Every structure is written in C-alpha cells, then in structure tokens.
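Reviewing the structure listed below.
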C-alpha cells in the first residue's frame with residue numbers, strides 16, 4: 001500500500017531516457033504472478049482481488065463503526081477492492097503515542113503510531129492477514145462529526161476517489177472516544193505543508209528538486225482533473241504536503257468537487273468516496289476508520305507524513321534543497337493532481353501548500369479531500385451563488401469574481417502559488433493583509449513578485465506564470481505540468497548539459513552565488529528572511545464576494561510588469577463590496 005505502481009513508475013521515469021507516456025497508472029496484471037488459491041492473476045504483489053475481497057466481506061460481521069453510513073462506505077470500499085487499496089474501520093485503541101500537531105480549517109491533526117499497520121497480504125499457509133506493522137500515521141479529526149456531517153463524508157468520498165496516486169491517502173476511519181468525532185487515518189508526511197518545507201529547505205534545493213516538486217504537484221492535479229474529474233477548489237501551498245525527500249502530495253479535498261457537478265452533494269458521502277477513489281498513490285492514503293471512545297468522534301486512519309505540511313518542511317529545510325529536490329517535489333504534487341483530475345475526475349477546491357504533506361525524504365502528497373468534488377460539478381448553491389472557500393492567494397481570480405466555477409484550471413492556479421513558494425522559499429503575498437484589497441488586486445492582475453535578487457530558471461518562471469494566467473483556458477493541465485517537470489527532473493538528474501533546463505540552472509546557480517549577503521534586501525534564498533504579516537491568513541476561510549471586476553492580466557491594457565500594481569490601480573468603489581466572515 002505504501003509504494004504504489006504509480007510511484008514506482010514515477011521513479012523509473014525520472015531515471016529513464018524513455019519518453020513519458022500519458023498513462024503511468026495502469027496495472028500490469030501479468031507481472032505479479034498467479035493466486036495460489038484460485039489461479040487468477042494477481043493485481044499486485046501477493047494480492048488477488050477476488051479472493052481478498054471475499055475474505056474482507058466475510059469479516060463484515062466482526063466489526064462496526066457504530067454508524068450505518070460509515071459501515072456501508074467501508075464495506076463498499078472493501079467489496080470493490082479491485083486494487084489492494086481500500087479503507088478499514090480501525091478501533092482507536094489500536095493507536096499509541098497520539099500527539100497533537102496542529103489545527104486546520106475543519107478540525108485538529110494528530111500524529112500516532114498504528115500498532116498493527118495496514119493489511120499487506122494474505123498468508124496462505126497461516127490463513128491470516130499479514131500487516132505492515134508499527135506505522136506512523138496522521139489522525140485528522142473533523143469538528144462536529146459525531147453525527148457524520150456532510151463535510152466529513154464529502155472529504156471521505158474525495159479521498160476514496162483519489163486513493164490511487166499523488167494525493168495524500170487515507171488508510172481508514174476511527175473515532176475519538178473523548179470528543180466523539182470521527183477521524184481520517186492518513187499517511188503521515190513528515191515535511192509538513194509545502195510552505196514550511198520550502199521555508200526551512202529552500203536554500204538547499206536544486207532546480208531539479210524544485211522541478212520534481214512541480215512534477216509531483218502537477219501530477220496530483222492531473223490525477224484530480226483527468227482521472228477523477230475533480231477540481232480542488234482550495235488549491236494553495238498549505239494544501240500541499242511534503243515528505244522531506246522531494247515528494248509533494250495534494251491534500252485537503254474537503255472542498256473538492258466533480259468538474260461537471262452542479263454542486264457539492266447533499267447526501268453527506270463525498271469526503272468518504274473521494275478518499276476511497278484516491279486511495280492508491282500520490283494522495284495521502286486512508287487505512288480505515290476508527291472511533292474515539294471518549295469523544296465518540298469517528299476518525300480516518302491515514303498515512304503519517306513526518307515532515308508535516310509542505311510549508312513547515314520548506315521552512316525547516318529550504319536551505320538544504322537542491323534544484324533536483326524542488327523538481328522532485330513538483331513531480332510528486334503534479335502527479336497527485338494528475339491522478340485527481342484524470343484518473344478520479346476530482347477537483348480539490350482547497351489546493352494550497354497546507355494541504356500538501358511531506359515525509360522528510362522528498363515525497364510530497366496531497367491531502368484533505370474534504371472539499372474535493374467531481375470535476376463536472378459547478379458548486380452553485382440553491383440561491384444561485386457559488387460558495388467561495390479557501391486561502392485568498394490560492395483562489396483563482398475567476399472564482400473570486402464569480403465569473404466561473406471551481407474547475408481543474410482553478411486548481412492549476414493554486415498550483416502556481418505552491419510552485420512560487422517552492423521556487424522562492426516564501427509564501428505568496430506574505431507581507432500584506434489577505435483582505436478585500438488583495439482579492440480585488442488579484443482580479444486586476446496582481447501576482448506575487450519574484451524577488452530581483454534570486455535567479456530562477458526562466459523555463460520554470462514561464463510555467464508558473466502560465467499557471468496563474470487570468471484566462472483559465474490559457475493555463476496548462478496537470479498532465480502537461482507532470483510531463484514537463486518529469487522531463488526537467490530527468491535532465492537535471494542525468495546532468496544533461498545540452499538541455500535548456502540544465503543550462504539555465506547552471507546560470508542561475510552562478511548568479512545566486514554572486515550575492516555577497518543573502519540576508520540583505522529581503523533576500524528570499526534564506527529560509528529565515530521573511531516575516532508573515534499578522535493579517536496574512538493561510539488557513540482556509542469562507543468568503544462572500546460581490547461585484548468584483550472580471551479577471552485580467554495587467555499586460556492586456558498596459559505595459560506594466562505583471563508583478564507591479566500600485567494600490568491606486570485597485571481602488572475599492574461603491575460598486576465593489578466584499579463580505580468576509
């Protein structure tokens with residue numbers, strides 16, 4: 001469960017000279033041998049889908065979450081486990097060393113050790129399951145989930161839908177016995193969100209590191225947009241997690257929705273289904289579900305990413321990251337997004353660096369699929385208004401203005417802001433308030449300014465600017481991002497001196513070394529060279545925007561640089577009001 005086919009293929013791609021194909025997540029049913037019991041082909045190492053599904057179904061009477069809806073979703077996941085990825089009900093007593101980590105927009109996050117670990121295979125001789133063993137996981141407790149809220153089930157749906165690739169995956173569900181809140185049990189990404197990771201490691205990241213980061217993120221977005229038909233709807237760097245080793249994964253699918261849906265489902269099952277759908281590779285996976293006996297809250301049992309979210313990982317490790325490290329992060333995150341977009345048709349809807357987890361070893365995985373939705377949903381409420389939720393710097397201008405719905409392209413905009421932090425080591429718009437003025441400026445073309453005293457390969461700058469283009473149709477897809485970052489990462493790893501990316505990295509490294517004092521002039525090559533404005537809020541919030549202007553690029557009507565826009569260009573008028581709860 002830990003190392004999926006997609007992940008293995010990704011690693012092969014990065015060291016191979018073969019062309020990158022559009023499909024990397026395709027089970028080779030002929031390479032895993034034959035089941036010793038039924039004679040059918042295994043779908044994975046020591047995994048027969050038919051036999052193991054039957055065994056899981058025979059065990060349904062031996063456990064219960066205490067909630068019929070949760071039981072039904074877990075049973076559906078296990079009955080239809082056409083791959084070796086499914087969720088379990090995990091009793092809270094199975095965890096030890098439970099420690100509080102942080103508070104997110106929907107609940108609290110804990111780390112824990114799962115004493116038994118997830119199911120790895122069936123032991124034919126001993127007639128019992130073999131488990132992975134003592135496993136560090138993240139427990140994501142959702143507020144007020146005692147009665148199974150729509151938000152809880154929405155995220156679980158999205159996690160299930162994306163539980164296959166570069167989205168932070170879910171092992172299962174548990175229940176906090178004290179709060180009675182359910183909890184997702186997910187991969188633990190030790191690097192934390194991508195911003196923290198970049199802030200700590202940026203100066204050490206090579207261009208290949210950065211490219212790999214972009215590959216990961218774009219691949220995750222590709223998966224959401226094309227494989228699961230989901231749009232994230234809150235795609236910012238706080239929703240990208242890092243594993244401290246270059247892997248970046250998309251998380252926090254609570255706002256994600258199908259790209260072709262008319263709104264987030266009211267049946268309260270979206271979260272759980274998304275968890276199951278995305279429960280295979282570059283999404284933080286869910287092992288199962290448990291119940292906290294004291295709080296009576298259900299809990300997802302998920303991978304523990306020891307690096308934490310990607311921002312924390314970057315903050316601690318940025319100076320140590322090479323360009324290859326950064327590229328690997330981008331590979332992980334873009335691959336996770338690829339899985340959501342293309343393989344499960346999900347959009348994240350809350351795609352920021354806090355929803356990307358890191359495992360301290362370069363692996364970044366997408367998490368928090370609570371807002372994720374099928375890419376064909378519109379997200380329009382009964383009153384005809386679109387609900388806007390997220391972190392302002394990561395919300396696409398067409399969503400802010402109400403000109404368009406959350407879409408795969410909106411996730412790509414969030415990816416641009418995550419990429420900005422991976423490349424520069426600083427959060428977008430970290431030094432100004434995240435308020436109505438910033439929302440208006442973003443619609444008028446204002447974008448984070450690339451520091452003048454840090455050199456970044458122009459190829460990467462061009463990709464980033466395409467991703468934050470005001471015209472959503474001009475933005476690249478997650479597939480394009482994944483393929484570009486994979487190609488760049490391969491060339492840097494091979495030291496392909498004839499490649500343009502290698503030449504640009506060499507030139508940029510030379511320019512960066514000429515700076516006599518990296519702490520002067522607010523230099524962003526240092527992970528400690530910035531302070532976040534007290535009103536720069538990087539947790540997801542709900543907004544009600546009214547009468548914002550149509551999105552535009554600054555160069556559409558004038559020749560100003562995209563990074564420059566004075567306040568006078570963005571005066572708030574009586575015709576433009578914004579309500580922020």
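Residue numbers (the UniProt record's numbering): 1 to 581.
Cβ atoms here follow ideal geometry from the backbone N, Cα and C, with glycine treated the same way.
The structure presented is a predicted model; accordingly, all values stated were derived computationally and were not measured.
Within the model, the alpha-carbon separation for residue 495 versus residue 215 is close to 18 angstroms.
Listed in chain order, the non-local C-beta contacts of residue 470 below 7 angstroms within the same chain comprise 397, 445, 551, 552 and 553, local neighbours out to five positions each way being set aside. Under the 10 Å beta carbon count, residue 410 is surrounded by 16 or more other beta carbons and is classified as buried. Cβ contact annotation for residue 212 (same chain, cutoff 8 angstroms, sequence separation greater than five): 14, 246, 324, 325, 326, 327, 328, 329, 330, 331, 332, 362, 485 and 489, in chain order.
Under the DSSP assignment, residue 474 falls outside any alpha helix (DSSP H); it carries neither an H nor an E label. In the DSSP assignment, residue 115 is bridged to no other residue. A direct Cα-to-Cα measurement between residue 99 and residue 242 gives close to 19 angstroms.
In the structure shown, residue 421 adopts helical secondary structure according to DSSP, grouped into three states. For residue 212, the three-state secondary structure derived from DSSP is helix. Between residue 249 and residue 283, the gap from beta carbon to beta carbon is short of 8 angstroms. Straight-line spacing of the CA atoms in residue 135 and residue 303 works out to 8 angstroms. Taking a C-beta distance under 8 angstroms as the contact criterion, residue 89 and residue 288 qualify as a contact pair. With contacts defined by Cβ atoms closer than 8 angstroms, residue 256 and residue 373 form a contacting pair. The straight-line gap separating the alpha-carbon atoms of residue 290 and residue 510 is approximately 53 angstroms. Listed in chain order, the non-local C-beta contacts of residue 479 below 7 angstroms within the same chain comprise 22, 222, 226, 338 and 342, local neighbours out to five positions each way being set aside. Taken through DSSP and simplified to helix, strand or coil, residue 286 comes out as strand. Residue 172 holds the alpha-carbon nearest to the alpha-carbon of residue 95 among 189, 172 and 505. Residue state for residue 242 is assigned as strand, using DSSP reduced to three classes. Only residues of its own chain outside the window of five on either side were considered, and among them 207, 323 and 457 have a CB closer than 6 angstroms to the CB of residue 505, listed in chain order. Partner residues in the beta bridge of residue 88, as assigned by DSSP, are 172. Between residue 336 and residue 224, the alpha-carbon positions lie close to 7 angstroms from each other. Per DSSP, reduced to three states, the secondary structure at residue 206 is strand.
The DSSP-derived three-state label of residue 413 is helix. Put simply, the backbone Cα of residue 435 is about 40 angstroms away from that of residue 502. Pairing residue 278 with residue 359 gives a Cβ-Cβ distance that is not under 8 angstroms.
Within the same chain, Cβ atoms closer than 8 angstroms to the Cβ of residue 233 are found at 255, 256, 257, 347, 348, 349, 350, 351, 371, 372, 373, 379, 389, 390, 399, 406, 410 and 411, the five residues on either side in sequence being excluded. A distance below 6 angstroms between beta-carbons, with the five flanking residues on each side excluded, links residue 184 to the following residues of its chain, in chain order: 140, 170, 286, 300 and 302.
Pairing residue 274 with residue 238 gives a Cβ-Cβ distance that is not under 8 angstroms. Assigned with DSSP and collapsed to three states, residue 51 falls in helix. Assigned with DSSP and collapsed to three states, residue 102 falls in strand. Shown here, residue 498 sits in coil according to DSSP, grouped into three states, outside any helix or strand. Secondary structure at residue 403: coil, using DSSP grouped into helix, strand and coil. For a cut-off of 8 angstroms, the C-beta gap from residue 310 to residue 197 is around 4 angstroms, short enough to register as a contact. From the listed residues 463, 467, 508 and 427, the smallest Cα separation to residue 533 is found for 427. Of all alpha-carbon atoms in 416, 537 and 493, the one lying nearest the alpha-carbon of residue 430 is that of 537. Per DSSP, residue 298 is one residue of the beta strand (DSSP E) stretching across 297–303.
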